[in-house]
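A.B. asks: Sequence lines, in order, name chains E and S. If you use the numbering used here, the first sequence corresponds to residues 1 to 325, in order. If you use the numbering used here, the second sequence corresponds to residues 326 to 650, in order. Each residue gets a CB set at the ideal place from its N, CA and C atoms; glycine is no exception.
Number of protein chains: 2
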Amino acid sequence: MATIKQVAKQANVSVATVSRVMNKSGYVSEDAREAVERAIAELNYSPNRVARSLYKKSSNLIGLIMPDITNPFFPQLARAIEDVANQHGYQVVLCNTDEQLEKEQTYLVALQTMHVDGLIITTNHSHNPNYETLNLPMVALDRIVKAGIDAVISDGYEGGKLAAETLLANGATRLAHIAGPEHLKTVKRRTEGFMEAAGEHLVGMTQSTFTFKEALTASQELFDHHWPFDGVFAANDVIAAAVLQEAVRRNIRVPEELQVIGYDGIELGEMTSPPLTTIVQPIYEMGRLATERLLDLIEKKDTQAKEMLLPVSLLERQTTKRKER
Amino acid sequence: MATIKQVAKQANVSVATVSRVMNKSGYVSEDAREAVERAIAELNYSPNRVARSLYKKSSNLIGLIMPDITNPFFPQLARAIEDVANQHGYQVVLCNTDEQLEKEQTYLVALQTMHVDGLIITTNHSHNPNYETLNLPMVALDRIVKAGIDAVISDGYEGGKLAAETLLANGATRLAHIAGPEHLKTVKRRTEGFMEAAGEHLVGMTQSTFTFKEALTASQELFDHHWPFDGVFAANDVIAAAVLQEAVRRNIRVPEELQVIGYDGIELGEMTSPPLTTIVQPIYEMGRLATERLLDLIEKKDTQAKEMLLPVSLLERQTTKRKER
DNA sequence: GCTTGATATGTAACCGGTTACACATTAAGA
DNA sequence: TCTTAATGTGTAACCGGTTACATATCAAGC
């Protein structure tokens, strides 16, 4: 790899001049600029980012902290983040924490010592590591961290409500629900919205994490203890897939006997049989927004912390009866 | 953030001594060591990786180049890679290329200028960017790049064969197949193995990419043009899910009338109705192996390029008839 | 007592960029 | 013509580590 010194020599100028043409800063004569550009091309030079980082204390790296990329909600988010970051010349460092405080801590110091410019956090921290003391630009994504930290979330309350209303409007009268992990506020909102709109129609409810296995268990529990019901809202699409599978196993016809609505709008919903009706969050959009916001923060364009609440929408596939309205 | 100078001052020694105790190199007296350790603790110091990188020309970063993390095969791989990397003090930089040469090029120079220590490539490069001229340790994962570059792959040929044999052993006599993208050699092997073992029982075949939408189209085509058949092997689980959905839509009972086998063993297979029988690749294991191999390469433990071929196995869920054997 | 090697530690160069500062030249304005 | 500001360029300090090298002390061996 060529260095700036070699370029300078080749172009017959000093390193300062080379740096100036690269950064378009200060005064450079037309002649010098051309000579430098020629030398750069000839040597196929690209500046060493580590060296630049050291002086500038900025690495063009952003840290992405998530519970587990293996959870199908996250890849799309990661993709959006990476796309936007990349368009702006940033790279992203992937960190899976499994929501374990210790892993999170380890990553946090690693990211800090490598001088990442900012953080996107999609992990909860009810257990409160010292994000605040980190003094790094950061934005929370699909998570509410605390006032003073930017957040991008979707309107879970409205989503839950929309699910209940849809079920009811489609003729369901006995509603059931499988809630998500209690410690995730954004997920809890979905349950709250659903319960509000379901009112006395709610006949049963269980709880589950977002792993399919546990969702299956929770589904069985729901059927065992609360059957019959004719509409289910699951806190996310993975849980909904479990409900669907369990319904099939019990020879319950979907959507004729039982309508099911999920939440998230991940690709999985297309792949179930029948395809899943769901409340879609604008996942990619959320990732995009969060990243753009982070880059603004990094470039100090705005320091007023904001919470961005995005609308959700109903995607009717085939686990609900489409009613003419 | 504290610097080594501050630590040195606090401990009343020179920066060289501090560096020595941190790296356990050279001679350090017991007294000095203790003083330095105390100072490090007091100042909550951790060394600046950027500075270290600059001198050592090594960043403890590895680049992970994949087509699209959104494709459900990759998150598990990414997870394995990140786990192993992290255990060894490395972080991973995520790069989605969509198999576009241009994005790949851009990433390659970005990764190089930031002095990543190595690369894991899960992307094909029939279009041949200059990996060879990169002069970086790298290992190909689930891809065959070329001789001289390490590769970790699973035995697609045996997998395809196993699928055909299973279908046949379960009583199927008219087999069909949906192949994957032609340019992926590892995927082509599956088709070859299947065709070899299916022999004259093969009655129809179409082709598809790994996106669900196109897989659905390919499935419809298969049913439209080659029905009836009683066993299908899909080149991966996403395609198998599409076949399943299309079968349900056409009121074809699985597995009674039609048996389906997928390939990969991703979580999606658990979530379909009925759950998918599939040929599982040891995905996590492959990621783990590839990363360990890369770290060995980085630490120059071994320079003899190897190709590691991992065995696959049949996971019987409910889209095949389990036969007493 | 003198030589020698092991132990211990500090100084300064180095990694490859960026930029403050000094200095020179040129053009514009009075 | 003289002053002044704009333009152009190089030198060297700096970012925060690592390490080669110089130097010093001390104990062992003769």
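So, is residue 180(E) buried or exposed, given that buried needs 16 or more other C-beta atoms within 10 angstroms?
C.D. replies: Buried, by the Cβ-count rule.
A.B. asks: From residue 141(E) to residue 491(S), what does the alpha carbon distance come to, in whole angstroms?
C.D. replies: Whole-angstrom Cα-Cα distance: 45 angstroms.
A.B. asks: Counting only runs of 3+ residues fully inside the region 512-588 of chain S, write out the beta strand (DSSP E) ranges in chain order.
C.D. replies: The region 512-588 of chain S contains these whole beta strand (DSSP E) runs: 527-532 and 556-559.
A.B. asks: Is any beta-carbon of chain E found at less than 9 angstroms from that of residue 421(S)?
C.D. replies: Cβ-Cβ to chain E under 9 angstroms: yes for residue 421(S).
A.B. asks: Closest to residue 57(E) by C-alpha separation, out of 115(E), 219(E) and 178(E), would be which residue?
C.D. replies: When each option's Cα is compared against that of residue 57(E), the closest is 115(E).
A.B. asks: Check whether the region 289-308 of chain E and the region 93-105 of chain E touch, using three or more Cβ-Cβ pairs below 8 angstroms as the test.
C.D. replies: Short answer: they don't touch.
A.B. asks: Identify whether residue 633(S) lies in helix, strand or coil by the three-state DSSP scheme.
C.D. replies: The answer is strand: DSSP assigns residue 633(S) an E or B state.
A.B. asks: Whose C-alpha, out of 373(S), 616(S), 544(S) and 342(S), is nearest the C-alpha of residue 352(S)?
C.D. replies: Taking only the C-alpha atoms, the option nearest residue 352(S) is 342(S).
A.B. asks: Once the 5 residues before and after residue 541(S) are set aside, which same chain residues still bring their CB inside 6 angstroms of it?
C.D. replies: Answer for residue 541(S): 567, listed in chain order.
A.B. asks: Exposed or buried, what is residue 565(S) when buried is set at 16 or more other beta-carbons lying within 10 Å of its beta-carbon?
C.D. replies: Buried.
A.B. asks: Using 9 angstroms as the limit for Cβ to Cβ distance, is residue 356(S) near chain E?
C.D. replies: Chain E contact via Cβ: absent.
A.B. asks: Pick from 574(S), 399(S) and 394(S): whose alpha carbon is nearest that of residue 611(S)?
C.D. replies: Minimum Cα distance to residue 611(S) is reached at 399(S).
A.B. asks: Tell me which residue opens and which closes the beta strand (DSSP E) that residue 638(S) is part of.
C.D. replies: Start and end: 638-640.
A.B. asks: Taking the straight line between their C-alpha atoms, what separation do you get for residue 479(S) and residue 3(E)?
C.D. replies: Looking at the two C-alpha atoms, the distance is approximately 41 angstroms.
A.B. asks: At a CB distance below 9 angstroms, what residues from the region 388-402 of chain S approach chain E? Give them in sequence order.
C.D. replies: Taking 9 angstroms as the Cβ-Cβ cut-off against chain E, the residues of the region 388-402 of chain S that qualify are 388, 389, 393, 394, 395, 396, 397, 399, 400 and 401.
A.B. asks: Are the region 424-441 of chain S and the region 42-59 of chain E in contact at 8 angstroms, needing three or more beta carbon pairs?
C.D. replies: In short, these stretches touch, since the Cβ pair count reaches three.
A.B. asks: At 7 angstroms on the CB atoms, spell out the chain S contacts of residue 267(E), in chain order.
C.D. replies: Per Cβ cutoff of 7 angstroms: 537.
A.B. asks: Assign residue 55(E) to buried or exposed, taking buried as 16 or more other Cβ atoms, counted over all protein chains shown, within 10 Å of its Cβ.
C.D. replies: Exposed, because fewer than 16 other Cβ atoms sit within 10 Å of the Cβ of residue 55(E).
A.B. asks: Give, in chain order, every residue of the region 505-519 of chain S whose Cβ lies closer than 7 angstroms to some Cβ of chain E.
C.D. replies: Here the close residues number zero.
A.B. asks: Using three-state DSSP, classify residue 154(E) as helix, strand or coil.
C.D. replies: Strand, per DSSP.
A.B. asks: What span of residues does the beta strand (DSSP E) with residue 265(E) cover, start to end?
C.D. replies: Careful: residue 265(E) lies outside any beta strand (DSSP E) and carries neither H nor E.
A.B. asks: With 16 other CB atoms within 10 Å as the buried threshold, where does residue 486(S) fall?
C.D. replies: Label assigned to residue 486(S): buried.
A.B. asks: With a 10 Å radius around its C-beta and 16 neighbouring C-beta atoms as the bar for buried, classify residue 496(S) as buried or exposed.
C.D. replies: That one is exposed.
A.B. asks: Could you list the residues in the region 35-54 of chain E with a C-beta less than 7 angstroms from some C-beta on chain S, going in chain order?
C.D. replies: Cβ contacts with chain S come from 46, 47, 48, 49, 50, 51, 53 and 54.
A.B. asks: Are the C-beta atoms of residue 93(E) and some chain S residue less than 9 angstroms apart?
C.D. replies: For residue 93(E), the answer is yes, since a Cβ of chain S falls inside 9 angstroms of its Cβ.
A.B. asks: Interface residues of chain E around residue 435(S) at Cβ under 7 angstroms?
C.D. replies: Within chain E, the residues near residue 435(S) are 91.
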